[in-house]
Each structure stands twice: as structure tokens, then as C-alpha cells.
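**Q**
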Amino acid sequence: MARRKKSAKLVAYQDGMVATEPNLPLPLVYYPGHYGVFLSFGKDEKSEIFFCSCSRHAIANYIRFRIKYDSRINNDPQINFVLSKAKFPQQIVKKLIEQDEKAGQEVIDKLNFKDEICHECN
Ligand SMILES: [Zn+2]
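Below, the structure is given as C-alpha cells:
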């Protein structure tokens, strides 16, 4: 797992990036690869990983469009999965694939959400 302190311009350009951002309620920030948008947060490396509740609606929309319109023919199972590692933190994608590689819309029920933990809410 790549890990670095937050710099002024953190750009998540690789999979599995984690940054420590002490001003957030859950200071460990898991970044998606490839400029993806859905960040998640943890207390420490052993704690559960959460998405901010404010992103739930957007994630549900993402899943709906992904199932309806994406062909998903990539050879990389982590890109092919309903939550692509290009848009979601790899740590979460990897864990969900282990549970059910063919997951669909119901995958959102396997995600943890917590109120007011993201950059926008803080
Ligand atoms: Zn939020």
C-alpha cells in the first residue's frame, strides 16, 4: 500500500494511495486510482473504511449507470468490477471482489457510510 503525507497538491495517479489528513474526523484518506472521484476514510489502517454519507446518492447513481451502460470487458477484474478501481479505492474494490465478483446494484449495501467525514462536509 502506497502511503504518503498530504501535500498541497495530492494527485491520486496510482492505485491504492492513502494519505494522512489530520484535520479530518477520520484522517486516513483512501484515494481511487486514475483521478477517480470516490474517496473513503478510516480512523487508522486497521479500522473499517467509510464513505461520507453525502456521497451515497452519487455512488448509487454510478452503480446504476455502470450496470446499464458499461460493457465491462476489461481484462483486469478490479476495473471490470461493478465498482471500478479507477473510480473507487482499490482496497475496497479488492475486498468486495473477494466477497462476490459478480455483485450488482446491491453492492452499495456492503459499503460503510458515516456522516460528515469528507473534505466537502468539513
Ligand atoms: Zn461529505
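In this note's numbering, each number is its position in the sequence shown, counted from 1, plus 6. A virtual CB, placed ideally from N, CA and C, is assigned to each residue, including glycine.
Where the beta carbon is closer than 7 angstroms to any heavy atom of ligand 1, which residues qualify, in chain order?
**A** Those residues are 58, 59, 60, 61, 122, 123, 124, 126, 127, given in chain order.
**Q** Mapping the DSSP letters down to three states, classify residue 6 as helix, strand or coil.
**A** An answer regarding residue 6 cannot be provided, because it is not within the stretch 7 to 128 covered by the chain.
**Q** Using DSSP's beta-bridge definition, name the partner residues of residue 120.
**A** Here the question's residue 120 lines up with position 114 in the sequence shown. Paired residue(s): 58.
**Q** Here's the rule: buried if 16 or more other CB atoms are within 10 angstroms of the residue's CB, otherwise exposed. What is residue 15?
**A** Here the question's residue 15 lines up with position 9 in the sequence shown. Here residue 15 scores only 49 on pLDDT, less than 50, and its place in the model should not be relied on; the value that follows carries that caveat. Exposed, since its Cβ has fewer than 16 Cβ neighbours within 10 Å.
**Q** What is the rounded straight-line gap between the Cα of residue 20 and the Cα of residue 121?
**A** Mapped onto the sequence shown, residue 20 falls at position 14. Mapped onto the sequence shown, residue 121 falls at position 115. Their backbone Cα atoms lie some 27 angstroms apart in a straight line.
**Q** In the DSSP assignment, find the beta strand (DSSP E) that holds residue 34 and state where it starts and stops.
**A** As a working note, residue 34 is residue 28 in the sequence shown. Where residue 34 is concerned, the enclosing beta strand (DSSP E) stretches over 34-36.
**Q** Spatial neighbours of residue 12 within its chain, please: CB distance less than 7 angstroms, with the 5 preceding and 5 following residues excluded, ordered by chain position.
**A** Within the sequence shown, residue 12 is the residue found at index 6, counting from 1. For residue 12, the pLDDT reaches just 48, beneath the cut-off of 50, and the residue's location in the model is therefore unreliable, leaving the point undetermined.
**Q** Decide yes or no for the touch test of the stretch 27-37 against the stretch 63-81: beta carbon pairs closer than 8 angstroms, at least 3 of them.
**A** With the cut-off at 8 angstroms, the stretch 27-37 and the stretch 63-81 do not touch.
**Q** Determine the burial state of residue 105: buried for a count of at least 16 other Cβ atoms within 10 Å of its Cβ, exposed for fewer.
**A** As a working note, residue 105 is residue 99 in the sequence shown. Exposed, by the Cβ-count rule.
**Q** Tell me where the alpha helix (DSSP H) around residue 99 begins and ends.
**A** Taking the first residue of the sequence shown as 1, we reach residue 99 at position 93. That run of the alpha helix (DSSP H) goes 96-105.
**Q** Take residue 7 and list the residues in its own chain whose beta-carbon comes closer than 7 angstroms to its own, dropping the five residues that flank it on each side.
**A** By 1-based counting over the sequence shown, the position of residue 7 is 1. Reliability fails at residue 7, whose pLDDT of 49 lies under 50, so the model's placement of it is uncertain and the value that follows must be treated cautiously. Closer than 7 angstroms at Cβ, skipping near neighbours: 22, 24.
**Q** Taking only the alpha-carbon atoms, compute the straight-line gap between residue 107 and residue 89 and give it to the nearest angstrom.
**A** Residue 107 sits at position 101 when you count from the first residue of the sequence shown. Residue 89 sits at position 83 when you count from the first residue of the sequence shown. The alpha-carbon atoms of residue 107 and residue 89 are separated by roughly 10 angstroms.
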